[in-house]
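Colleague: Residue numbers for the sequence shown, in mature numbering (1 follows the signal peptide of the UniProt record, and there is no 0): -20 to -1, 1 to 369.
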Amino acid sequence: MKKLTSLILTILLISSLALMGCGKQSSTASGEQNEGKVASAKVTYPLTINPEIPSDQKILSTGPNGETATPAATLQLSEEDVKKIKEGKFKAAISMHYAGNDFSTAIINGVKDTFEKMGIKVVAVTDAQFKPEKQISDIETIMAKKPDVIVSLPVDPVATAPAFKKAAEAGVKLVFMDNVPKGFKAGKDYVSVVSSDNYGNGIFAGEIMGEELKGKGKIGVIFHDVNFFVNNQRKEAFEKTIKEKYPNINIVAHGGIITPNDAEKVASGMLTKHKDLDGIFAIWDVPAEGTLAAARTAGKNDLVITTVDLGTNVALQIASGGNVKGLGAQLPYENGAAQALVAGYSLLGKQLDPYYVVPSMKVTKENVLKVWKMAYRQDAPEVIQKAAK
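(1) Going residue by residue through the stretch 169 to 253, where are the continuous beta strand (DSSP E) segments of at least 3 residues, counting only ones entirely within it?
(2) Using 10 angstroms around the beta-carbon of S75, count the other beta-carbons present and answer buried if the total reaches 16, otherwise exposed.
(3) Thinking C-beta only, is A104 closer than 9 Å to residue 405?
(4) Use the C-beta contact count for P339: other C-beta atoms within 10 angstroms, 16 or more gives buried, fewer gives exposed.
(5) So, at 8 Å on beta carbons, what are the nonlocal neighbours of K353 in its own chain, with the 5 sequence-adjacent residues on each side left out?
(6) For D107, which three-state DSSP category applies?
(7) So does the stretch 160 to 169 actually touch the stretch 129 to 144, counting three or more Cβ pairs closer than 8 Å?
(8) I need the DSSP call for G90, collapsed to helix, strand or coil.
(9) Taking only the alpha-carbon atoms, compute the straight-line gap between L57 and I183 and give it to the nearest angstrom.
(10) Below 7 Å CB to CB, which residues in the same chain sit around A318 once its five sequence neighbours on both sides are set aside?
(11) Please name the residue, chosen from A185, K145 and Q365, that lies closest to N211 on a Cα-to-Cα basis.
(12) Taking the runs of the beta strand (DSSP E) that are 3 residues or longer, which of them lie wholly in the stretch 253 to 327?
(13) Taking one C-beta from the stretch 77 to 91 and one from the stretch 306 to 317 each time, how about it: are there three or more such pairs within less than 8 Å?
(14) Have a look at K97, Q213 and F95 and flag the residue whose alpha-carbon is nearest the alpha-carbon of G46.
(15) DSSP on L349, reduced to helix/strand/coil?
(16) Could you give the DSSP three-state label for Y336: helix, strand or coil?
(17) Considering only residues of the same chain and omitting the five flanking positions on each side of K92, which have a CB-CB separation below 6 Å?
(18) Count the other C-beta atoms from every protein chain shown that fall within 10 angstroms of the C-beta of G190, then say buried if there are 16 or more, exposed otherwise.
(19) Taking all protein chains shown into account, decide if P31 is buried (16 or more other Cβ within 10 angstroms of its Cβ) or exposed.
(20) Are there 16 or more other CB atoms within 10 angstroms of the CB of W180, so buried, or fewer, so exposed?
(21) I'd like the list of long-range same chain contacts for G235, defined as Cβ closer than 8 Å, with 5 residues on each side in sequence excluded.
(22) Assuming L133 and F156 make a contact with CB atoms under 8 Å, what is their CB distance in whole Å?
(23) Would you check if the distance between the CB atom of L327 and the CB atom of A355 is smaller than 9 Å?
(24) Helix, strand or coil for T42 per DSSP?
(25) Pull up the distance between the alpha-carbon of V266 and that of K168, whole angstroms please.
(26) Just verifying my parser: in three-state terms, what is the DSSP assignment at F164?
(27) Provide the residue span of the alpha helix (DSSP H) that contains F144, from first to last.
(28) When the Cα of E34 is compared with those of I285, K342, L349 and E362, which residue comes out closest?
(29) Give the secondary structure of A355 by DSSP, where H, G and I count as helix, E and B as strand, and everything else as coil.
(30) At the level of alpha carbons, what is the spacing between V232 and K345?
(31) Between E96, N207 and A368, which has its C-alpha nearest K22's C-alpha?
(32) On the three-state DSSP scale, how would you describe P31?
(33) Let me confirm a value: L349 is counted as buried when at least 16 other C-beta atoms fall within 10 Å, else exposed. Which label applies?
(34) So is A320 buried or exposed if we call it buried at 16+ other beta carbons inside 10 Å?
(35) Exposed or buried, Q331, counting other C-beta atoms within 10 Å across all chains shown (16 or more means buried)?
(36) Nearest to P112 by alpha carbon, out of A299, F144 and G90?
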């Protein structure tokens, strides 16, 4: 009996130790996961845009006043720089032209994530919904929060200029993306402007159109009928590429839009007037979606569409072999990161150039998943991955 009791006690002791071991193992695993999260949030210095972006790609865009582009990869903050910024306890706000698409969401994420690494508090993110009067009101609301920095894409360079001027005169450092208010001078009225190589994007869209049409056909162009210098460059580059590389492709129709919601109506008008149209270039991805809707309504299942910006819907089209055959892609997350870095430079009083550019990428079915990951720093949605396979 004693032997049996002893045996039972031994078994219980072993079981107890095993359970304690399991408990420790579980605790260790949990600790490793927590350390992993901390490690993923850890800042790598120098703080800069993604170093995996191709750095040997020639940048073709120029700034709003013809300035030569400076590669955004040259923007780098050291650990000491970031420490000084954190000591300042600065505040920033983001004023978007509109925030209802993948591009804007990624830019906002890039700005916010990079500001967080720099210890800069984001006190407001606004969406002007493509309305100048809304953005003017947004800026007034932002100013009440007393930011040190405003990062913004002006909806209308003329209408919004007085509001931004008032902010600059109050000592707020203005960092612009893709557009600059009329009459503003870099280093005086604003810090700098950051954009993608939009001229290069226009070339990519033109080359894909030319290749898909095998060098001949009739096409239309849907452009942004507002003075955005980057959109002007896309249109100019697309048309020049078609005329010089594909002389047997004729641009027979032009249609301007004020907001992306105008695109379906404009495309429908083109397809009604030119029933033999072979392709349409739309100035960015949301107007391209409207163009696609118009093509479906008109029964133009073979219409070739190219554009700029890698949004979810156009990426799905490209991956599945739909009407949208390819595009020139900005890397919006990196644009946002670069804008935040420019803000950091300005807060430190560091020298800045007037115009910084993040490289762009040519996107086709073959590389859509790869570019998506580079543009958004995450894998493409599962539906796009399945379509690509």
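Even glycine gets a Cβ: it sits at the ideal position worked out from N, Cα and C.
Modeller: So, from the listed chains and residues:
(1) 172 to 176, 197 to 204 and 229 to 237
(2) Along the sequence shown, one-based indexing puts residue 75 at 95. Buried, by the Cβ-count rule.
(3) No answer is possible for residue 405: it lies beyond the span of the chain, which begins at -20 and ends at 369.
(4) Counted from its first residue, the sequence shown places residue 339 at position 359. Buried.
(5) Taking the sequence shown and counting its residues from 1, the one referred to as residue 353 is at position 373. Counting only Cβ-Cβ distances below 8 Å, and skipping sequence neighbours, we find D359 and A360.
(6) In the sequence shown, residue 107 corresponds to position 127, counting from 1. Of the three classes helix, strand and coil, the one that applies to D107 here is strand, per DSSP.
(7) yes
(8) For this step, residue 90 is matched to residue 110 along the sequence shown. Of the three classes helix, strand and coil, the one that applies to G90 here is helix, per DSSP.
(9) In the sequence shown, counting from the first residue as 1, residue 57 sits at position 77. In the sequence shown, counting from the first residue as 1, residue 183 sits at position 203. Those two C-alpha atoms are separated by around 33 Å.
(10) Stepping through the sequence shown from its first residue, residue 318 is reached at position 338. Answer for A318: I29, A52, L55, V174, Y336 and V338, listed in chain order.
(11) On the sequence shown, position 231 is the one that residue 211 refers to. Looking at the Cα atoms, A185 is the closest of the given residues.
(12) 259 to 262, 284 to 288 and 304 to 309
(13) yes
(14) Looking up residue 46 in the sequence shown gives position 66. Minimum Cα distance to G46 is reached at Q213.
(15) Mapped onto the sequence shown, residue 349 falls at position 369. If DSSP states are grouped into helix, strand and coil, L349 belongs with the helices.
(16) Position 356 of the sequence shown, counted from the first residue, corresponds to residue 336. In this structure, Y336 counts as strand in the three-state DSSP scheme.
(17) By 1-based counting over the sequence shown, the position of residue 92 is 112. Contacts found: V102.
(18) Position 210 of the sequence shown holds residue 190. Buried, by the Cβ-count rule.
(19) As a position in the sequence shown, residue 31 is number 51, starting the count at 1. Counting Cβ neighbours within 10 Å, P31 comes out exposed, since fewer than 16 surround it.
(20) Mapped onto the sequence shown, residue 180 falls at position 200. Rather than Trp, the amino acid found at residue 180 in this sequence is Gly. Buried is the call here.
(21) Position 255 of the sequence shown, counted from the start, is the residue given in the question as residue 235. Listed in chain order, the non-local C-beta contacts of G235 below 8 Å within the same chain comprise G200, V201, I202, F203, V246, A247, G249 and M250, local neighbours out to five positions each way being set aside.
(22) Residue numbering aside, residue 133 sits at position 153 when the sequence shown is read from its first letter. Residue numbering aside, residue 156 sits at position 176 when the sequence shown is read from its first letter. Right, the Cβ-Cβ distance comes to about 7 Å (below 8 Å), so this counts as a contact.
(23) Taking the first residue of the sequence shown as position 1, residue 327 is located at position 347. Taking the first residue of the sequence shown as position 1, residue 355 is located at position 375. No, these two residues do not count as a Cβ contact at 9 Å.
(24) Against the sequence shown, residue 42 aligns to sequence position 62. DSSP places T42 in strand when its eight states are reduced to three.
(25) The residue labelled residue 266 in the question sits at position 286 within the sequence shown. The residue labelled residue 168 in the question sits at position 188 within the sequence shown. Rounded to whole angstroms, V266 to K168 spans 34 Å at the Cα level.
(26) Along the sequence shown, one-based indexing puts residue 164 at 184. Reduced to three states, the DSSP call for F164 is coil.
(27) On the sequence shown, residue 144 is found 164 positions in, with the first residue counted as 1. For F144, the enclosing alpha helix (DSSP H) covers residues A141 to E149.
(28) Mapped onto the sequence shown, residue 34 falls at position 54. Checking the displayed sequence, the identity of residue 34 turns out to be Pro instead of Glu. Measuring C-alpha to C-alpha distances from P34 to each of I285, K342, L349 and E362 identifies K342 as the nearest.
(29) The residue you call residue 355 lines up with position 375 of the sequence shown. Helix.
(30) As a first step, residue 232 is located in the sequence shown; it is residue number 252 there, counting from the start. As a first step, residue 345 is located in the sequence shown; it is residue number 365 there, counting from the start. A straight line joining the alpha-carbon of V232 with that of K345 spans about 27 Å.
(31) Counting from one through the sequence shown, the residue named residue 22 turns up at place 42. Of the candidates E96, N207 and A368, the one whose C-alpha sits nearest the C-alpha of K22 is E96.
(32) Taking the first residue of the sequence shown as 1, we reach residue 31 at position 51. It is coil, neither helix nor strand.
(33) As a working note, residue 349 is residue 369 in the sequence shown. Buried, because 16 or more other Cβ atoms sit within 10 Å of the Cβ of L349.
(34) Residue 320 sits at position 340 when you count from the first residue of the sequence shown. So A320 counts as buried.
(35) Translated into the one-based positions of the sequence shown, residue 331 becomes position 351. Exposed, because fewer than 16 other Cβ atoms sit within 10 Å of the Cβ of Q331.
(36) Sequence index remark: in the sequence shown, residue 112 carries index 132 (1-based). Sorting A299, F144 and G90 by C-alpha distance to the C-alpha of P112 places F144 at the top.
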